[in-house]
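Below is one structure, written out as structure tokens, with a few remarks after it.
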Amino acid sequence: MSDEDSILALEGISRSFGGVRAVDGVSLSIKRGSIAGLIGPNGSGKSTLFNIISGVEKKNSGSIAFQGVRLDNLSPHKRFALGLGRTFQTPRLFTGMTVLENTMTGGKGQKGESPFNAPFPGRWEPQEMEIAKQAKSQMTSLEIEKLFGSHSNEISGGQMKLLQLSTVLMGRPKLLLLDEPTAGVAPRLAQDIFQSISQERVENATTFFIIEHRLQVLFRHVDTVFVMHQGRIIASGKPDEIVKKQNVIDAYLGS
Ligand SMILES: Nc1ncnc2c1ncn2[C@@H]1O[C@H](COP(=O)(O)OP(=O)(O)OP(=O)(O)O)[C@@H](O)[C@H]1O
Ligand SMILES: [Mg+2]
Numbered sequence: 041m042s043d044e045d046s047i048l049a050l051e052g053i054s055r056s057f058g059g060v061r062a063v064d065g066v067s068l069s070i071k072r073g074s075i076a077g078l079i080g081p082n083g084s085g086k087s088t089l090f091n092i093i094s095g096v097e098k099k100n101s102g103s104i105a106f107q108g109v110r111l112d113n114l115s116p117h118k119r120f121a122l123g124l125g126r127t128f129q130t131p132r133l134f135t136g137m138t139v140l141e142n143t144m145t146g147g148k149g150q151k152g153e154s155p156f157n158a159p160f161p162g163r164w165e166p167q168e169m170e171i172a173k174q175a176k177s178q179m180t181s182l183e184i185e186k187l188f189g190s191h192s193n194e195i196s197g198g199q200m201k202l203l204q205l206s207t208v209l210m211g212r213p214k215l216l217l218l219d220e221p222t223a224g225v226a227p228r229l230a231q232d233i234f235q236s237i238s239q240e241r242v243e244n245a246t247t248f249f250i251i252e253h254r255l256q257v258l259f260r261h262v263d264t265v266f267v268m269h270q271g272r273i274i275a276s277g278k279p280d281e282i283v284k285k286q287n288v289i290d291a292y293l294g295s
């Protein structure tokens with residue numbers, strides 16, 4: 041893959057916790073505009089790898105290039121500003137806020153956040169209206185618009201997953217890392233979530249890198265799958281190629 045085609049390139053990423061090599065020399069490249077999957081047994085290092093890419097966790101070694109820019113020491117906030125979004129395995133939401141308010145926090149560069157503008161509604165009200173409109177349309181495409189007035193702690197686990205997705209999509213990320221977007225979600229909703237992801241890719245050219253244990257749903261939507269085992273990438277390729285590889289069957293699929 042040429043540098044032009046790749047949105048994310050990892051070289052030799054490693055991270056240990058005490059004696060555990062959670063991530064052990066991972067190199068991979070994600071193609072711009074693709075949907076890529078990351079699968080592997082529990083504890084194989086998938087979430088740690090996402091934490092390193094998004095800047096939540098430090099790496100011991102290796103390099104990360106996002107759209108050709110080295111991210112190595114940038115804060116998660118700066119990475120988000122560059123277009124790198126992520127969701128967490130356990131949704132992180134503002135519990136004192138409604139579904140609509142949570143979604144609106146994902147809008148970028150909000151003028152009302154500045155202490156110089158906050159006391160003067162004229163400076164931020166038009167933008168706030170625009171963001172509310174955008175939030176409603178985002179919630180509608182994920183089918184959570186009817187929940188707009190509910191507090192985020194009153195909704196189901198699956199709805200929290202959708203709310204997290206809705207919020208991060210408001211920032212129009214170029215690359216979105218999703219950590220188990222369908223865990224705890226009803227099967228029909230899991231299909232819908234992946235449908236929305238595919239639609240988002242087409243409409244906004246968003247690239248996705250997705251950790252998922254529900255392989256049937258994942259395989260229907262991804263271009264490439266990476267398989268992780270004991271901190272290493274042991275295989276990558278199209279879903280129909282991956283399922284035939286003996287080392288993947290031994291490490292994960294056969295269990
Ligand atoms: N903050 C931490 N401190 C100590 N050990 C950690 C920490 N985070 C992860 N680990 C360890 O690193 C290894 C990889 O964990 P990680 O959460 O990345 O796996 P995973 O592939 O996401 O698993 P799962 O599918 O269960 O979510 C595990 O052995 C885990 O116990
Ligand atoms: Mg995990």
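Numbering-wise, the sequence shown is residues 41 to 295 according to our numbering.
Just so it is clear, CB atoms sit at the ideal spot from N, CA and C, and this is done for glycine as well.
Beta-bridge partners assigned by DSSP to Val66: Ile53. Exposed is the label assigned to Val242, since fewer than 16 other Cβ atoms lie within 10 Å of its Cβ.
In the structure shown, Phe266 falls within a strand segment according to DSSP collapsed to helix, strand and coil. Less than 9 Å divides the Cβ of Ile282 from the Cβ of Ala275. In the DSSP assignment, Phe134 falls outside any alpha helix (DSSP H) and carries neither an H nor an E. Of the other Cβ atoms in all chains shown, 16 or more fall within 10 Å of the Cβ of Val257; this residue is therefore buried. Under the three-state reduction of DSSP, Arg272 is assigned to strand. Looking only at Gln204, Thr143 and Gly197, the smallest Cα-Cα distance to Lys176 is reached by Thr143. As computed with DSSP, His261 is found in no beta bridge at all.
Summarising the contact set, residues whose Cβ lies nearer than 7 Å to any heavy atom of ligand 2 are, in chain order, Lys86, Ser87, Gln129, Asp219, Glu220 and Ile251.
A distance below 7 Å between beta-carbons, with the five flanking residues on each side excluded, links Gln178 to the following residues of its chain, in chain order: Thr143, Ser206, Leu209 and Met210.
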